[in-house]
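Numbers given in the numbering used here equal positions in the sequence shown, counted from 1, plus 80. Ideal Cβ placement from N, Cα and C applies to all residues, glycine included.
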Amino acid sequence: MTIAPAPNDTGRAILPRTVGVRTLTAIRWVALAGQMATLLVVAFALDYPVPLGLALAIVGVSAALNLILQLNRSGGDRLSERQASFYLGFDILQLSALLFVTGGLENPFALLLLAPVTVSATILSRRSTIHLCVLALGCTTGLAAYHLPLPWGPEQFRLPWLYVVGLWIALVVALIFIAAYAWWVADESRRISAALAATQSALAREQRLAALGGLAAAAAHELGSPLSTIAVVARELVRELPADGDLADDARLLLSETQRCRDILASLARRSDPEADLPFRSVPLTALVEEAAAPHHRDGVDVIIEIQDTDDRSPDDPNATPPDVPRTPEVLHGLGALIQNAVQFARKTVEIGVAWTGPQLTVTIEDDGPGFSSTVLGRLGEPYVSSRAGTNGHMGLGVFIATTLLGRSGAVVRFANRPDGGGHVDIIWPKGLDRTGPGDM
Numbered sequence: 081m082t083i084a085p086a087p088n089d090t091g092r093a094i095l096p097r098t099v100g101v102r103t104l105t106a107i108r109w110v111a112l113a114g115q116m117a118t119l120l121v122v123a124f125a126l127d128y129p130v131p132l133g134l135a136l137a138i139v140g141v142s143a144a145l146n147l148i149l150q151l152n153r154s155g156g157d158r159l160s161e162r163q164a165s166f167y168l169g170f171d172i173l174q175l176s177a178l179l180f181v182t183g184g185l186e187n188p189f190a191l192l193l194l195a196p197v198t199v200s201a202t203i204l205s206r207r208s209t210i211h212l213c214v215l216a217l218g219c220t221t222g223l224a225a226y227h228l229p230l231p232w233g234p235e236q237f238r239l240p241w242l243y244v245v246g247l248w249i250a251l252v253v254a255l256i257f258i259a260a261y262a263w264w265v266a267d268e269s270r271r272i273s274a275a276l277a278a279t280q281s282a283l284a285r286e287q288r289l290a291a292l293g294g295l296a297a298a299a300a301h302e303l304g305s306p307l308s309t310i311a312v313v314a315r316e317l318v319r320e321l322p323a324d325g326d327l328a329d330d331a332r333l334l335l336s337e338t339q340r341c342r343d344i345l346a347s348l349a350r351r352s353d354p355e356a357d358l359p360f361r362s363v364p365l366t367a368l369v370e371e372a373a374a375p376h377h378r379d380g381v382d383v384i385i386e387i388q389d390t391d392d393r394s395p396d397d398p399n400a401t402p403p404d405v406p407r408t409p410e411v412l413h414g415l416g417a418l419i420q421n422a423v424q425f426a427r428k429t430v431e432i433g434v435a436w437t438g439p440q441l442t443v444t445i446e447d448d449g450p451g452f453s454s455t456v457l458g459r460l461g462e463p464y465v466s467s468r469a470g471t472n473g474h475m476g477l478g479v480f481i482a483t484t485l486l487g488r489s490g491a492v493v494r495f496a497n498r499p500d501g502g503g504h505v506d507i508i509w510p511k512g513l514d515r516t517g518p519g520d521m
């Protein structure tokens, strides 16, 4: 069994990566202040021979660029990914130039080359991060071989060549590892956020459908008065016109159609009445499962719903009949998505078992399809996990949305493969089915 797409999924959304001007300029001002303070302390407090003029000129160029950015763009503006990449790349070059005149990799502040790449990994795309990482690696390699002497005391100080090579290797490994790790964590967070947004969107669609009843009631109320007026006029026309004339026939037709409209609106109003809907807010568990499965039948696949573990119960046992449960959009959509998944990949049969013991409720969905892929079985329920990822616009969000919505009602969803082939899904409500559960968002 493979993961079926969520309804209306058209592909994973690619959102533009943008950076706030205020955020970027604030980070760069902090970095420039740190560079300036370090240079002044080393030059005047420690009295080390720093090429202060050249170093301050390098810092000044970066400060001028930051000031131009801040003056030309308001704080609420956002930079495109290309613009943000340019500024971070400039920061790498500026810091490399500053390190060149202050000892290269022998300068302990060479570790700061990690900062722009890490920032890129958290807010920009993988492509931009790779480009900046390559730039930082090139600068690191150049600084290992070419740089001015490290500012020191009267005696000249140089680190052994082998130690400098070790520093270079450490920086290269750190650049690659930290960039990859930061990008992976940030991308996972972005994917979770996008998937949760899709879940909220699916739930909102269900709630909008439920709200259509109220709209129908309002329409029935508003149209009642105009239809009554039309009916009165039509009756007057029927009385005034000759009975055997064509206009009288038209008036009688108008009167009958007006009455038909009033009957339809009255029916809609009765269906939309919250009090009239009370008997259907709670339904037997089996009826809820049948309603969730009804839209997903397809030719060639039998959907069988059976009650399990009731043979040894007496008629007087309170557990002999299916318990009533809340009929909520979350549960209907969640069960429906999992049933749709099973039906889509079943060969001939989908079996849905319903069981209850005390407060615990269990719904089991089994199919005779190929089963879940072993590579994704342990990750089912996570967003964008699918053994068909990248085909037919499939996002792998269907199961994630279903498990999230069911989790809101207190359900635990477990996935497995049947010994004889096919998928097996258990949906368990340990404490019964609530309107909102611990997973409520």
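Short Cβ contact (7 angstroms threshold) for residue i with residue j
i              : j              : result
proline 231    : tyrosine 128   : yes
glutamate 386  : glycine 433    : yes
valine 244     : alanine 224    : yes
valine 479     : alanine 426    : no
isoleucine 258 : threonine 209  : no
leucine 159    : valine 110     : no
tryptophan 248 : leucine 185    : yes
proline 364    : glutamine 440  : no
leucine 149    : threonine 103  : no
asparagine 497 : glycine 458    : no
leucine 191    : serine 200     : no
leucine 321    : leucine 327    : yes
cysteine 341   : leucine 317    : no
aspartate 157  : proline 196    : no
alanine 278    : leucine 477    : yes
arginine 108   : asparagine 146 : yes
Under the three-state DSSP convention, the category residue i falls into
i              : result
glycine 377    : The sequence given here places histidine at residue 377; glycine does not occur at that position. Reduced to three states, the DSSP call for histidine 377 is coil.
asparagine 152 : helix
threonine 455  : coil
histidine 504  : strand
arginine 270   : helix
glutamine 440  : strand
glutamate 541  : In the structure displayed, the chain extends from 81 to 521; residue 541 sits before or after that span and is not available.
threonine 483  : helix
threonine 202  : helix
arginine 494   : strand
alanine 323    : coil
threonine 516  : Confidence in threonine 516 is poor, its pLDDT being 43 and thus under 50, which makes the residue's placement too unreliable to answer from.
glycine 523    : Outside the shown range of the chain (81 to 521) lies residue 523, about which nothing can therefore be said.
serine 142     : helix
aspartate 330  : helix
serine 362     : strand
glycine 246    : helix
Counted within 10 angstroms of its Cβ, other Cβ atoms place residue i as buried (16 or more) or exposed
i                 : result
leucine 460       : buried
phenylalanine 180 : buried
valine 141        : exposed
threonine 455     : exposed
valine 214        : exposed
leucine 151       : exposed
isoleucine 94     : Since pLDDT at isoleucine 94 reaches only 44, below the 50 mark, its modelled position is unreliable, and no value is offered.
threonine 338     : buried
alanine 346       : exposed
valine 101        : buried
tryptophan 263    : buried
7 angstroms CB neighbourhood of residue i in its chain, flanking five on each side removed
i           : result
valine 130  : Leu119, Val122, Ala123, Thr182, Pro231
leucine 358 : Low confidence applies to leucine 358: its pLDDT is 45, below 50, so where it sits in the model is not reliable, and the reading given next is rough at best. Nothing meets the Cβ criterion.
Integer-rounded CB distance, given that residue j should sit under 8 angstroms from residue i
i             : j             : result
leucine 178   : alanine 135   : 6 angstroms
threonine 202 : alanine 266   : 4 angstroms
leucine 335   : arginine 315  : 6 angstroms
threonine 578 : leucine 193   : Any question about residue 578 goes unanswered here, given that the chain covers just 81 to 521.
leucine 126   : glutamate 161 : With a Cβ gap of about 41 angstroms, leucine 126 and glutamate 161 do not count as contacting.
Close beta carbons around residue i, own chain, < 6 angstroms, minus the five adjacent residues each side
i              : result
alanine 482    : Gly414, Ala417, Leu418
glutamate 431  : Ile384, Glu446
arginine 494   : Asp506
valine 411     : Ser489
isoleucine 508 : Thr442, Val492
Residue-level contact to chain E via CB, residue i, 7 angstroms cutoff
i          : result
valine 265 : Of the chains in the structure shown, none is chain E; there is only one protein chain.
Own chain, CB closer than 8 angstroms to residue i, minus 5 neighbours either side, in chain order
i             : result
threonine 366 : Ile385, Ile387, Pro402, Val434
valine 526    : No answer is possible for residue 526: it lies beyond the span of the chain, which begins at 81 and ends at 521.
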